[in-house]
């Protein structure tokens, strides 16, 4: 596994811990935007592949996640998280001036990355969305309705088996002390609803190349709901790869080598252009 180092930034709501997988002379910068309840450290294998491909890779732990500050898994405003990711991009720009930047967002990170592209797309070379929370995602509304009916958000943690057909992925997730295994929090659910609407109304990303990767057996973020959002977000430069039988984390799936090959071919095309 490639060496990594940490940066500590002052984020919008406290200390932000950022992992960097460095490259001495990168062709490009990749910002990896992790999903709900997890942390950037789960993307070490992806970072290894990107570094070998010529990238300097940066991944922040979002507020309330991993080793960053904040009450666990509480995100009151995703606009603040987008601002935090932009602060990381500025660190990367300072270290590697003139290098093209791509953002790779998974799940909740796909929602953050989509909004990032709407706000800061002029500074991006490409956007990659993996199992993105975008479009029609019913989970927040359903959990909030149950909270209204019963007085609290139901404790329904992520089922590790829903992540990948590889049982080692689920076992590692279940044993990871930096992963949150408890219930979702009301402020975060409310923020999801607001930001899904904001992205839906925020317009497309124009000519920015977009790669969409999704498993057709994703039960956490179903394919059909994401398609609505991805097609609305894309300005027309959309490449999609839907993987038969794959679950939520396509970068950790049993056919991950195929997925990573698709990612690198897409990035090669972007960099060549």
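Numbering (the UniProt record's numbering), first residue to last: 1 to 273. Every residue gets a Cβ at the ideal spot worked out from N, C-alpha and C, and that includes glycine. This structure is a prediction, so every number in the text was calculated from the model and none was measured.
Endpoints, alpha helix (DSSP H) assigned at residue i
| i | result |
| --- | --- |
| residue 140 | 139-150 |
| residue 261 | 256-272 |
| residue 202 | Unbroken run through residue 202: none, as it is neither H nor E. |
| residue 219 | Counting along the chain, residue 219 falls outside any alpha helix (DSSP H), and DSSP gives it neither H nor E. |
| residue 231 | 223-233 |
Nonlocal neighbours in the same chain, by C-beta distance under 7 Å from residue i, ignoring five residues either side
| i | result |
| --- | --- |
| residue 227 | 135 |
| residue 71 | 64 |
| residue 7 | 18, 20 and 91 |
| residue 176 | none |
| residue 81 | 62, 63, 75 and 112 |
| residue 271 | 27, 28 and 100 |
Terminal residues of the beta strand (DSSP E) in which residue i lies
| i | result |
| --- | --- |
| residue 240 | 238-243 |
| residue 58 | 55-60 |
| residue 211 | 210-215 |
From the options, residue whose alpha carbon lies closest to that of residue i
| i | options | result |
| --- | --- | --- |
| residue 189 | 53, 66, 265 and 108 | 108 |
| residue 44 | 37, 58 and 79 | 58 |
| residue 39 | 18, 51, 49 and 220 | 18 |
| residue 253 | 169, 201, 207 and 223 | 169 |
| residue 25 | 63, 182, 98 and 155 | 98 |
| residue 112 | 156, 62 and 214 | 62 |
| residue 36 | 116, 260 and 220 | 220 |
| residue 47 | 93, 84, 10 and 103 | 103 |
| residue 93 | 196, 203, 49 and 31 | 31 |
| residue 66 | 181, 86, 241 and 197 | 181 |
| residue 10 | 83, 222, 191 and 56 | 83 |
Close Cβ partners of residue i (< 6 Å) along its chain, the five nearest in sequence each way excluded
| i | result |
| --- | --- |
| residue 174 | 160 |
| residue 238 | 210 |
Residue i classed as buried or exposed, judged by whether at least 16 other C-beta atoms fall within 10 angstroms
| i | result |
| --- | --- |
| residue 230 | buried |
| residue 140 | buried |
| residue 88 | buried |
| residue 90 | exposed |
| residue 145 | exposed |
| residue 16 | buried |
Neighbourhood of residue i by C-beta distance below 8 Å, restricted to the same chain and skipping five residues each side
| i | result |
| --- | --- |
| residue 121 | 127, 205, 206 and 208 |
| residue 245 | 165, 215, 216 and 217 |
| residue 200 | 135, 229 and 232 |
Of all the beta strand (DSSP E) runs that stay within the bounds of the stretch 4-29, which reach a length of 3 or more residues? Whole beta strand (DSSP E) segments, 3+ residues: 5-11 and 14-21.
Alpha helix (DSSP H) runs wholly inside the stretch 53-107, at least 4 long, in chain order: Counting whole runs of 4 or more residues, the stretch 53-107 contains the alpha helix (DSSP H) stretches 78-95.
Residue ranges of each alpha helix (DSSP H) run of no fewer than 4 residues wholly in the stretch 112-196, ordered along the chain? The DSSP assignment places complete alpha helix (DSSP H) segments of no fewer than 4 residues inside the stretch 112-196 at 139-150 and 167-175, in order along the chain.
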